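One structure is given here, and the rest of the page talks about it.
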Amino acid sequence: MATFTTFANRLPDPTYSIGEDGSTSNSAVAGPGFKSVKFSSEQPTAISRTNSGRVITRAIVAHKWKVQITYNPMTRDQFEPVYNFLLEKRGRLKPFFVALPQHASTRTTTSGTISVSGSITSGDNNFLIDGMDSVTGGLRPGDMINFLDSGNSNHKKAYKIVRVHTNANKLSSDSALDSSDERRIYVVPPVEKDVGDNSTLTYTNPLIRVVQTSDVQEYSLGTNNLYTFSLNLEEAQP
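To convert, note that position 238 of the sequence shown is 405 in this note's numbering; the numbers rise steadily by one, no gaps.
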């Protein structure tokens, strides 16, 4: 007999397994792959236009990612781990995590610890990282990250990198970026919470904390005895 300390709280996929006891340890079975993923970035914006044509814009609500997942037709053994995981969440009541296959790894194969250089203030859209001299590969625009901050375990937001500066390719005004060991990373959305110095970046299988967009879970069963299923998710912060 084996015991475990927590229930799995990530949607099962080919790289993440869940057992019939709800853990990842005891006879866990990998989840099915996704047939397709629709990924959306939503930033609600207020816009005002004057009679002279001047436009004033501002962000009025926090940014969120939205995910639509469609599965290939599944056998019952493939379907049940996914459906029962979601059924336990009782619609929109309980959040969970999802890893997207397109962001399972960085665009360039990367290994090593990448840390924040100096603290980050909530609202910043760029920050310095260091440790690059001991890192193989590196981060590029399009990669997704999470922060692992020992001072704030509730910082679960997922960010996409949109620009990367080095000490050789940077704004002329950026005097802080002066070492080959550093990079300046620009992200979307702006960082939502303060981040402490030396917090690390998670760039392999970054997770998005989500809830389902509906309180109804339903599927279709065909005459071939295969299950057809899809789900819609939106990011949810603690």
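C-beta atoms are modelled at their ideal positions from N, C-alpha and C, and glycine is treated no differently. These numbers come from a predicted model, not from an experiment.
Item	Value
In the structure shown, what three-state DSSP assignment does residue 315 receive?	strand
Please state the DSSP three-state secondary structure of residue 301.	helix
Who are the near neighbours of residue 364 in its chain, counting only those whose CB is closer than 7 angstroms to its CB and skipping five residues on each side?	283, 285, 286
Assuming contact is defined by CB atoms lying nearer than 7 angstroms, are residue 277 and residue 309 in contact in what I supplied?	no
Ignore the nearest five residues each way along the sequence and tell me which others in residue 189's own chain have a CB closer than 7 angstroms to its CB.	174, 175
Does the Cβ of residue 273 have 16 or more other Cβ atoms within 10 Å, making it buried, or fewer, making it exposed?	buried
Check the C-beta distance from residue 322 over to residue 362 and give it rounded, since I have them as a contact under 8 angstroms.	7 angstroms
For residue 264, which residues does DSSP report across the bridge?	177, 376
Helix, strand or coil for residue 394? Go by DSSP, reduced to three states.	strand
Under three-state DSSP, which class holds residue 344?	coil
In or out: residue 392 buried (at least 16 other Cβ within 10 Å) or exposed?	exposed
Restricting to runs no shorter than 4 residues, where is the alpha helix (DSSP H) found entirely within the stretch 204–277?	243–255
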